[in-house]
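Protein sequence lines correspond, in order, to chains A and B. Okay, so the first sequence: first residue is 1 according to the numbering used here, each after it adds one. Okay, so the second sequence: first residue is 1 according to the numbering used here, each after it adds one. Virtual Cβ for every residue (Gly too), placed ideally from N, Cα, C.
There are 2 protein chains.
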Amino acid sequence: MDKRIGLQTVKLEHSPKIMATTSIVGPKEGNGPLSEYFDIILKDDKNGMDSYEQAESSLMYHAIKETIRKAKLEEKDINYLFAGDLLNQLTSSSFVARELDIPFVGLYGACSTMAESLSMASMIVDGGFAKYAIATTSSHFSAAERQFRFPLEFGSQRSETSQWTVTGSGSMLIGLKGNFPEITYITTGKVKDYGIKDANNMGAAMAPAAVDTIYRHFEDTGFKPSDYDLIATGDLGRVGRELTEKLLLEYGYDIKGVYMDCGEEIFDNQVQKTSSGGSGCGCSAVVSCGYIYKNMIQGKFKRVLLVSTGALMSPTSSFQGETIPGIAHGITIEYNLGGEKK
Amino acid sequence: MDKRIGLQTVKLEHSPKIMATTSIVGPKEGNGPLSEYFDIILKDDKNGMDSYEQAESSLMYHAIKETIRKAKLEEKDINYLFAGDLLNQLTSSSFVARELDIPFVGLYGACSTMAESLSMASMIVDGGFAKYAIATTSSHFSAAERQFRFPLEFGSQRSETSQWTVTGSGSMLIGLKGNFPEITYITTGKVKDYGIKDANNMGAAMAPAAVDTIYRHFEDTGFKPSDYDLIATGDLGRVGRELTEKLLLEYGYDIKGVYMDCGEEIFDNQVQKTSSGGSGCGCSAVVSCGYIYKNMIQGKFKRVLLVSTGALMSPTSSFQGETIPGIAHGITIEYNLGGEKK
Chain A
1 MDKRIGLQTV KLEHSPKIMA TTSIVGPKEG NGPLSEYFDI ILKDDKNGMD
51 SYEQAESSLM YHAIKETIRK AKLEEKDINY LFAGDLLNQL TSSSFVAREL
101 DIPFVGLYGA CSTMAESLSM ASMIVDGGFA KYAIATTSSH FSAAERQFRF
151 PLEFGSQRSE TSQWTVTGSG SMLIGLKGNF PEITYITTGK VKDYGIKDAN
201 NMGAAMAPAA VDTIYRHFED TGFKPSDYDL IATGDLGRVG RELTEKLLLE
251 YGYDIKGVYM DCGEEIFDNQ VQKTSSGGSG CGCSAVVSCG YIYKNMIQGK
301 FKRVLLVSTG ALMSPTSSFQ GETIPGIAHG ITIEYNLGGE KK
Chain B
1 MDKRIGLQTV KLEHSPKIMA TTSIVGPKEG NGPLSEYFDI ILKDDKNGMD
51 SYEQAESSLM YHAIKETIRK AKLEEKDINY LFAGDLLNQL TSSSFVAREL
101 DIPFVGLYGA CSTMAESLSM ASMIVDGGFA KYAIATTSSH FSAAERQFRF
151 PLEFGSQRSE TSQWTVTGSG SMLIGLKGNF PEITYITTGK VKDYGIKDAN
201 NMGAAMAPAA VDTIYRHFED TGFKPSDYDL IATGDLGRVG RELTEKLLLE
251 YGYDIKGVYM DCGEEIFDNQ VQKTSSGGSG CGCSAVVSCG YIYKNMIQGK
301 FKRVLLVSTG ALMSPTSSFQ GETIPGIAHG ITIEYNLGGE KK
């Protein structure tokens with residue numbers, strides 16, 4: 001029954017399937033390069049609600065409901081909801097869970113939360129504790145900006161290394177039935193802190209965690225970069241993506257040919273002025289539910305390593321002079337009609 | 001392989017064991033009625049640190065290290081750390097994880113987090129994904145008070161229904177070896193909101209969730225109140241405990257003879273002026289790691305239902321006029337040298 005391989009990785013016994021996904025994004029994300037892959041693009045980033053916080057909840061709620069509908073299931077069929085977001089006390093997720101008749105497990109890993117929720121949902125289904133589970137996260141630019149940085153009305157300048165919180169929510173339904181992309185390996189990350197203090201340079205703060213998890217994943221599984229069609233980090237942005245490539249090369253792994261960062265790809269910085277790229281736990285959620293999942297279904301990617309990355313500081317810890325700890329979790333998703341699975 | 005029974009409960013296949021626990025509390029908790037059951041009582045609630053936030057992290061760090069030591073294991077033997085706390089962005093837990101060489105899963109369920117982390121650790125070990133896992137939470141009166149309510153220097157008056165955040169951390173080590181109290185059933189709760197808006201009456205806000213989870217646990221497992229030597233809710237306080245007893249009686253379950261609330265028992269309100277009782281996710285953590293675990297080891301309790309309860313609001317959601325959603329998770333812990341396990 002031991003499913004552990006290597007130091008930090010588990011190999012799932014029943015390869016839980018991602019039976020359906022939904023991605024919902026705001027207008028800015030809908031104008032970005034990945035536009036065609038999103039299920040729903042809002043015209044109004046408040047989504048008709050009174051506050052940005054309520055708007056964020058409404059995105060997650062609809063992402064979940066739509067995902068359950070796509071899988072031709074009902075709320076009562078879902079045994080666990082694994083959800084998280086960036087707002088203090090996870091209110092986006094909790095207020096969604098209040099509207100749903102599903103047992104709820106709240107998770108926080110900052111922008112790594114999509115991989116965290118997907119890890120937990122996959123293991124819980126694989127272990128026989130659930131027939132179906134939902135993994136979801138959300139973030140909202142305006143709710144995050146005023147909580148973490150400045151009042152929106154202040155119009156603060158942005159540094160070149162700063163990132164732009166994605167408005168969006170992605171939801172995945174995990175179960176054991178059907179022919180869908182499968183979760184095969186999970187590498188759970190350790191917290192790494194290389195002493196970065198600048199909350200406008202989260203990419204640099206998170207890169208060491210991404211490097212550590214990807215390196216450990218290769219060592220534990222025996223995979224090489226060329227075994228993957230795509231390795232996608234969560235939201236390191238351009239700065240963090242460059243650092244990650246460089247550091248992994250020093251460890252003997254050249255991932256450049258198969259590597260992208262969700263945060264770098266979701267916006268076009270030239271046109272959209274998003275500096276280093278997108279961030280927020282909605283970022284890797286909508287890119288994995290949209291671009292990655294849809295390309296897997298169409299056979300473009302057969303094996304993908306999703307590595308959502310999180311910066312684990314708070315405004316209080318930054319004010320107190322603390323450095324920024326980072327974390328990253330890696331998940332192998334495979335979809336191959338013709339066999340050849342390792 | 002299906003471990004689900006009833007609607008919201010799982011029966012664990014391998015009965016993961018709580019191989020060791022550690023409870024660390026502040027001076028006020030150390031002066032309370034459960035004093036003799038705590039492993040470490042601080043003389044200084046800052047624990048020699050510069051801030052209350054750092055102090056909270058230091059409590060959790062020592063609770064984890066001591067628990068690993070008691071089990072005669074090392075950090076590298078632990079496959080997962082499931083941890084959570086009340087501070088924004090879970091900084092107490094993240095900053096602890098930074099100091100430990102253990103893969104980290106951050107959880108947030110407000111004061112229900114001890115049962116949440118213990119649920120996840122138990123299922124992950126039971127499912128073969130980990131040999132050993134740590135479940136832990138912490139809270140700190142002074143860090144919570146200034147984040148959730150008022151500056152400490154303000155000296156705000158407290159209402160009769162208000163609760164006092166426990167300064168403390170509890171840690172449990174879960175594995176499959178040895179003769180120790182075992183986790184046998186887990187009932188994961190749904191979010192319930194009966195429209196309470198008063199953040200000084202969290203017991204009333206959380207009681208419906210506790211009632212729902214306990215009721216569901218009885219229905220799913222077939223247990224009756226008399227099958228338990230103790231049913232312990234997390235931190236409903238006196239007000240919430242009275243409501244829970246009354247509401248469950250309406251559902252046909254009289255739990256009065258075996259029921260206590262951790263928040264009500266940890267302080268002596270007459271002497272310590274704590275109004276309705278203790279709260280904070282350290283509350284059910286230190287009471288379960290201390291009083292409950294030690295009484296189980298000594299044979300006083302053979303079967304206990306631990307039901308940590310959480311109020312899932314934030315200051316922002318309260319300012320925006322939102323009501324307070326509650327959640328509760330139930331865990332059956334059994335220890336019986338002579339058999340008779342259901």
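Exposure of A/MET1 is indicated by the presence of fewer than 16 other C-beta atoms within 10 angstroms of its C-beta. Contact of A/PHE154 with chain B is not assigned, every C-beta pair being separated by 8 Å or more. Excluding sequence positions up to five before and after A/SER23, its CB lies within less than 6 Å of the CB of PHE38, ASP39, GLY170, VAL286, CYS289, GLY290, all in the same chain and listed in chain order.
Residue burial annotation: B/TYR251 is exposed, with fewer than 16 other C-beta atoms found within 10 angstroms of its C-beta. Counting along the chain, no alpha helix (DSSP H) covers A/ARG303; the unbroken beta strand (DSSP E) around it starts and ends at 303-311. Under the Cβ distance rule, A/SER94 counts among the residues neighbouring chain B, one pair being separated by less than 8 Å. Interface with chain B (8 Å Cβ-Cβ cutoff): A/THR316 is included. Listed in chain order, the positions of the stretch 203-220 of chain A with a beta carbon within less than 7 Å of a beta carbon of chain B would be empty, since no residue qualifies. The beta carbon of B/ASP126 is closer than 7 Å to those of LEU12, GLU13, HIS14, PRO16 in its chain, skipping five residues each way along the sequence.
With a threshold of 8 Å between beta carbons, B/ASN201 makes no contact with chain A.
Excluding five sequence positions before and after A/LEU87, the CB atoms of its chain that fall closer than 8 Å to its own CB belong to GLU53, GLU56, ALA143, ALA144, GLN147, given in chain order. DSSP places B/GLU264 in the uninterrupted alpha helix (DSSP H) bounded by 262-266.
Positions of the alpha helix (DSSP H) runs, each at least 4 residues long and wholly inside the stretch 35-79 of chain A, are given as 52-70 in order along the chain. Between the alpha carbons of A/GLN272 and A/LEU306 lies a distance of about 25 Å. In the structure shown, the three-state DSSP call for B/LEU249 is helix. Comparing alpha carbon positions, the residue from A/THR137, A/GLU265, A/VAL239 closest to A/ASN31 is A/GLU265.
Taking 8 Å as the cut-off, the Cβ atoms of A/THR184 and A/THR9 do not count as close. The criterion of a C-beta distance shorter than 8 Å is not satisfied by A/SER92 and A/GLY106. Shown in chain order are the members of the stretch 187-201 of chain A whose Cβ falls below 9 Å from a Cβ of chain B: THR187, THR188, GLY189, LYS190, VAL191, LYS192, ASP193. Nearest neighbour of B/ASN179 by Cα position, chosen from B/ASN201, B/MET296, B/ILE196, B/PHE129, turns out to be B/MET296. Here B/PHE82 carries a strand assignment [DSSP, helix/strand/coil]. For A/LYS3, the C-beta contacts it makes with chain B under 7 Å involve GLY128, PHE129, in order along the chain. Secondary structure note for B/MET172: its beta strand (DSSP E) is the uninterrupted segment 168-175. Residues of the stretch 103-116 of chain A whose Cβ lies closer than 8 Å to any Cβ of chain B, in chain order: PRO103, PHE104, VAL105, GLY106, LEU107, TYR108, GLY109, ALA110, GLU116. By DSSP's assignment, B/THR187 forms a beta bridge with B/THR9, B/GLY330. Close to chain B, meaning a Cβ-Cβ distance shorter than 7 Å, are the following residues of the stretch 38-52 of chain A: SER51. Under the Cβ criterion of 8 Å, B/PRO151 is not counted among the residues facing chain A. Between A/TYR335 and A/GLU182, the C-beta gap is smaller than 8 Å, which places the two residues in contact. Sequence-distant Cβ neighbours of B/ALA110 in its own chain, meaning closer than 6 Å and more than five residues away, are GLY310, ALA311, LEU312. With fewer than 16 other CB atoms across the displayed protein chains lying within 10 angstroms of its CB, A/PHE319 is exposed.
For B/SER279, DSSP records a beta bridge to B/THR165. Looking at the DSSP output, B/LEU107 bridges to A/LEU107. The Cβ atoms of A/ALA199 and A/GLY240 do not sit closer than 8 Å to each other. Per DSSP, A/VAL96 lies in no beta strand (DSSP E) segment; the continuous alpha helix (DSSP H) that holds it begins and ends at 91-99. Against chain A, the CB of B/ILE327 has a partner CB under 8 Å away; the residue lies at that interface. Cβ contact annotation for A/LYS131 (same chain, cutoff 8 Å, sequence separation greater than five): ASP77, ASN79, VAL125, GLY175, LEU176, in chain order.
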